[in-house]
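What follows is a set of notes on a single structure, which appears directly below.
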Amino acid sequence: GAGVSQSPSNKVTEKGKDVELRCDPISGHTALYWYRQSLGQGLEFLIYFQGNSAPDKSGLPSDRFSAERTGGSVSTLTIQRTQQEDSAVYLCASSPQGSYGYTFGSGTRLTVV
Amino acid sequence: AQRVTQPEKLLSVFKGAPVELKCNYSYSGSPELFWYVQYSRQRLQLLLRHISRESIKGFTADLNKGETSFHLKKPFAQEEDSAMYYCALSRMDSSYKLIFGSGTRLLVRP
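Here's what the structure looks like:
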């Protein structure tokens, strides 16, 4: 596609439910990143995928968070048993291999009530 | 640990006034530094990177290793510069992972 596509754009969920957030990167971009943007905070790194290498999961805040990237393209970020502190905007970015040229998606605004 | 600090949450200036958005970093190696911008209802996008030593939309930023700073400057602010600005650091390893500051909202008043 022309840009990084994220869905849904908004998600309201009840505390304790699981949610899945989707990211469709730019075709040909081998690197994919997930960040979380909380109110008053910066962008917090969550996880990074590069080609077929093992993902860098060092930023995932707890074991309730997981992500996968199928076929080196679409990625899904899953949050299990959501908590109110998970409320944030979740941003996905992709870039060509060996590049800082991130292209960000428009994000998914998650609200846990 | 690497850290990026943007001490100002909000910076308000009048049109035509000079602007300086502060960014300090902590990192023991040689970092690469960036400024990203997010205009209202738009996606986060790269504004400039220090290694390019370029001026984008009239903005410049100089890396000061002695002060570990990478402040963003513009001599004459325009209303269209109003946006959220994020400073970011990369460790220059193979991951190209960026560490972001908490952001500064710039408001340019007419």
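Line order of the protein sequences matches chains B and A.
Position in the first sequence (from 1) plus 2 gives the number in the numbering used here.
Position in the second sequence (from 1) plus 26 gives the number in the numbering used here.
We put the CB at the ideal spot given by N, CA and C, even for glycine.
Query raised in the report: Can you find a C-beta in chain B that's less than 8 Å from the C-beta of A:Gln71?
Result: Looking up residue 71 of chain A in the second sequence gives position 45. At least one chain B Cβ lies under 8 Å of A:Gln71.
Report task. Can you tell me which of B:Pro63, B:Tyr92, B:Asp26 and B:Thr15 puts its alpha carbon nearest to the alpha carbon of B:Gly73? Result -> Numbered from 1 along the first sequence, position 71 holds the residue referred to as residue 73 of chain B. The option with the nearest alpha carbon to B:Gly73 is B:Asp26.
Report task. Please go through the same chain and pick out, in chain order, the residues whose beta-carbon is closer than 7 Å to the beta-carbon of B:Val14, but skip the five residues on each side of it. Result -> Stepping through the first sequence from its first residue, residue 14 of chain B is reached at position 12. Within the same chain, B:Val14 has close Cβ partners Thr113 and Val115.
Query raised in the report: Looking at C-alpha atoms only, which residue of A:Ser38, A:Leu70 and A:Phe60 is the closest neighbour of B:Cys94?
Result: Numbered from 1 along the first sequence, position 92 holds the residue referred to as residue 94 of chain B. Among A:Ser38, A:Leu70 and A:Phe60, the Cα nearest to that of B:Cys94 belongs to A:Leu70.
Requested in this report: Give a yes or no on whether the minimum CB-CB distance between A:Phe96 and chain B is below 8 Å.
Outcome: Numbered from its first residue, the second sequence carries residue 96 of chain A at position 70. No, A:Phe96 does not count as interfacial toward chain B.
Query raised in the report: Whole-angstrom Cβ separation of A:Ser116 and A:Gln32, contact assumed at under 8 Å?
Result: Working through the second sequence from its first residue, we reach residue 116 of chain A at position 90. Working through the second sequence from its first residue, we reach residue 32 of chain A at position 6. 16 Å between Cβ atoms; not a contact.
Query raised in the report: Residues of chain B with a CB under 8 Å from the CB of A:Ser121: which are they?
Result: Residue numbering aside, residue 121 of chain A sits at position 95 when the second sequence is read from its first letter. Within chain B, the residues near A:Ser121 are Tyr50, Gln52 and Asp58.
Query raised in the report: Opposite B:Leu41 in the DSSP bridges: which residues?
Result: For the purposes of this step, residue 41 of chain B is taken as the residue at position 39 of the first sequence. Paired residues: none, contrary to the question.
Query raised in the report: CB-CB under 8 Å to A:His76, same chain, minus the five flanking residues each way: which ones, in chain order?
Result: What you label residue 76 of chain A is simply residue 50 of the second sequence in a count that begins at 1. If we look at A:His76 and ignore the five residues flanking it on each side, its Cβ neighbours are Glu58, Leu59, Phe60, Ala87, Asp88, Leu89 and Phe96.
Query raised in the report: Which value, in whole angstroms, describes the spacing of the CA atoms of B:Thr110 and B:Leu23?
Result: The count along the first sequence starts at 1 and reaches residue 110 of chain B at position 108. The count along the first sequence starts at 1 and reaches residue 23 of chain B at position 21. So the alpha carbons of these two residues sit roughly 7 Å apart.
Query raised in the report: Just how far apart, CA to CA, sit A:Phe126 and A:Gln28?
Result: Walking along the second sequence from the start, residue 126 of chain A turns up at place 100. Walking along the second sequence from the start, residue 28 of chain A turns up at place 2. Roughly 10 Å separates the two Cα atoms.
Report task. Report the neighbours of A:Ile82 on chain B: residues whose CB is nearer than 8 Å to its CB, in chain order. Result -> Position 56 of the second sequence, counting from 1, holds the residue named residue 82 of chain A. Result: empty, since nearest Cβ-Cβ is about 14 Å, beyond 8 Å.
Requested in this report: Please look up how many angstroms separate the CB atoms of A:Lys99 and A:Glu46, rounded, as I've assumed it's under 8 Å.
Outcome: Taking the second sequence and counting its residues from 1, the one referred to as residue 99 of chain A is at position 73. Taking the second sequence and counting its residues from 1, the one referred to as residue 46 of chain A is at position 20. A:Lys99 to A:Glu46, Cβ: 5 Å. Contact.
Requested in this report: Tell me, please, whether the CB atom of A:Ser128 is closer than 8 Å to any CB atom in chain B?
Outcome: Taking the first residue of the second sequence as 1, we reach residue 128 of chain A at position 102. Yes - at least one Cβ of chain B is within 8 Å of the one on A:Ser128.
Query - Reduced DSSP category for A:Ile77 - H, G, I as helix; E, B as strand; rest coil - result: On the second sequence, residue 77 of chain A is found 51 positions in, with the first residue counted as 1. Of the three classes helix, strand and coil, the one that applies to A:Ile77 here is helix, per DSSP.
Query raised in the report: Exposed or buried, which one is B:Leu79 when buried takes at least 16 other CB atoms within 10 Å?
Result: Working through the first sequence from its first residue, we reach residue 79 of chain B at position 77. Flag for B:Leu79 reads buried.
Report task. Since I believe A:Arg135 is in contact with A:Lys41 (beta carbons under 8 Å), could you give me their beta-carbon distance rounded to a whole number of angstroms? Result -> Here residue 41 of chain A corresponds to residue number 15 of the second sequence, with the count starting at 1. Here residue 135 of chain A corresponds to residue number 109 of the second sequence, with the count starting at 1. The Cβ separation is near 7 Å, so the contact holds.
Requested in this report: Return the first residue and the last residue of the beta strand (DSSP E) that A:Leu37 is part of.
Outcome: Residue numbering aside, residue 37 of chain A sits at position 11 when the second sequence is read from its first letter. Where A:Leu37 is concerned, the enclosing beta strand (DSSP E) stretches over Leu36 to Phe40.
Query - Contacts that B:Ala33 makes with chain A (C-beta to C-beta distance below 7 Å) - result: The residue you call residue 33 of chain B lines up with position 31 of the first sequence. Residues of chain A passing the Cβ test: Tyr122.
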